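Participant:
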Amino acid sequence: SQQGEEDPQALSIQEGENATMNCSYKTSINNLQWYRQNSGRGLVHLILIRSNEREKHSGRLRVTLDTSKKSSSLLITASRAADTASYFCATDGKTSYDKVIFGPGTSLSVIP
Amino acid sequence: DGGITQSPKYLFRKEGQNVTLSCEQNLNHDAMYWYRQDPGQGLRLIYYSQIVNDFQKGDIAEGYSVSREKKESFPLTVTSAQKNPTAFYLCASSIKTGDNYGYTFGSGTRLTVV
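Chains as they are written, first to last, in the numbering used here: chain A, 90 to 201; chain B, -14 to 99.
See the structure below:
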């Protein structure tokens, strides 16, 4: 399976701190995506990083990708209470049909 | 604003009943997807469609059916053959399958068997 697995399963931090979530996957990929899901809502696309990229930034988000270790990390700097959500990584595969597989997610709680 | 609309937000199904979940998009996306999410778990792919009048089974298609008669619409029917249908259902679209622009998701339908 090429499924991504996020780590940790749950994370609780104080507002203003940085939050780091990790994602590991099993097979070669074309790209890796991170999504956020607020409770009871749909997923929101945050950032996509391609297999030939090592780091990408978007506002307070920083994503890294290490294809040799088959892992990615999502860093949220200066967290806010509004960042409280579940975060999912999603990977595709280097086949003709690029099926996107979602991991089980990391539940982040930011305490005001 | 462009987006994906799922309806209803909440749906209750009696044993042995078929129910249909609606998904409409005005993003002009070619590809559409249905996912199922169970508590504390990731998303599992039920069906996807790359183009009108064509669709493919995902990982957990048994007990579900879909149609794609229009580009904008991709309804999902949960049939009585689906033994454990209580879950959160998410519809998504992308410009095309395998693209590098990510998915746009609807806000979901929560289905409960009563």
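Glycine is no exception: its CB is placed at the ideal position from the N, C-alpha and C atoms.
Small disclaimer: the values here were computed from a predicted structure and weren't measured.
(1) Determine the contact status of L132/A and L75/B, defining contact as a CB-CB distance below 8 Å.
(2) Could you tell me how far apart the beta carbons of D23/B and A72/B are, in whole angstroms, since I believe they sit closer than 8 Å?
(3) Measure from the C-beta of L132/A to each C-beta in chain B and report whether the shortest distance is under 8 Å.
(4) Would a C-beta distance cut-off of 8 Å place V99/B and V4/B closer than the cut-off?
(5) Does L137/A come within less than 8 Å of chain B when only Cβ atoms are used?
(6) Between the alpha carbons of S128/A and S(-8)/B, how many angstroms are there, rounded?
(7) Using Cβ-Cβ distances below 9 Å, what residues of the stretch 190 to 201 of chain A are close to chain B?
(8) Report the residue from L(-4)/B, I(-11)/B, L61/B and Y88/B whose alpha carbon sits nearest the alpha carbon of E47/B.
(9) Near I200/A, which residues of its chain fall below 8 Å by C-beta distance, leaving aside the five closest residues on each side in sequence?
(10) Could you give the C-beta distance for I138/A and D181/A, rounded to a whole number, given that I count them as a contact under 8 Å?
(11) Which residues of the stretch -4 to 12 of chain B have a Cβ closer than 7 Å to any Cβ of chain A? Give them in chain order.
(12) Within a Cβ cutoff of 7 Å, which residues of the same chain sit near F(-3)/B, ignoring the five residues on either side of it in sequence?
(13) Ignore the nearest five residues each way along the sequence and tell me which others in N11/B's own chain have a CB closer than 6 Å to its CB.
(14) Please determine, among G192/A, K158/A and D172/A, the residue with the shortest C-alpha to C-alpha distance to Y106/A.
(15) Tell me which residues of the stretch 94 to 123 of chain A have at least one Cβ-Cβ distance to chain B shorter than 7 Å, keeping chain order.
(16) With E9/B as the anchor, note down where its beta strand (DSSP E) starts and where it stops.
(17) How would you write the range of the beta strand (DSSP E) that H14/B sits in, first residue to last?
(18) Hey, how far is the Cα of N141/A from the Cα of P193/A?
Facilitator: For this structure:
(1) Yes, these two residues count as a Cβ contact at 8 Å.
(2) About 5 Å separates the Cβ atoms of D23/B and A72/B, confirming a contact at the 8 Å cut-off.
(3) Interface residue, yes.
(4) No, the pair does not count as a contact, with Cβ atoms beyond the cut-off.
(5) By this cut-off, L137/A is an interface position.
(6) The straight-line gap separating the alpha-carbon atoms of S128/A and S(-8)/B is approximately 18 Å.
(7) Here the close residues are I190, F191, G192, P193, G194 and S196.
(8) Taking only the C-alpha atoms, the option nearest E47/B is L61/B.
(9) A distance below 8 Å between beta-carbons, with the five flanking residues on each side excluded, links I200/A to the following residues of its chain, in chain order: S101, I102, Q103, E104 and A170.
(10) 12 Å between Cβ atoms; not a contact.
(11) Listed by position, the residues of the stretch -4 to 12 of chain B near chain A (Cβ gap below 7 Å) amount to none.
(12) Excluding residues within five positions, the ones whose Cβ falls inside 7 Å are T97 and V99.
(13) For N11/B, the CB contacts under 6 Å within the same chain, skipping 5 residues up- and downstream, are G(-13) in chain order.
(14) A quick correction: the sequence has Glu, not Tyr, at residue 106/A. Ranked by how close their Cα comes to the Cα of E106/A, the residues G192/A, K158/A and D172/A have D172/A in first place.
(15) Here the close residues are N120 and Q122.
(16) V4 to Q10 is the extent of the beta strand (DSSP E) around E9/B.
(17) Taken as a continuous stretch (DSSP letters only), H14/B belongs to no beta strand (DSSP E), as it is neither H nor E.
(18) Taking the Cα positions, N141/A is about 25 Å away from P193/A.
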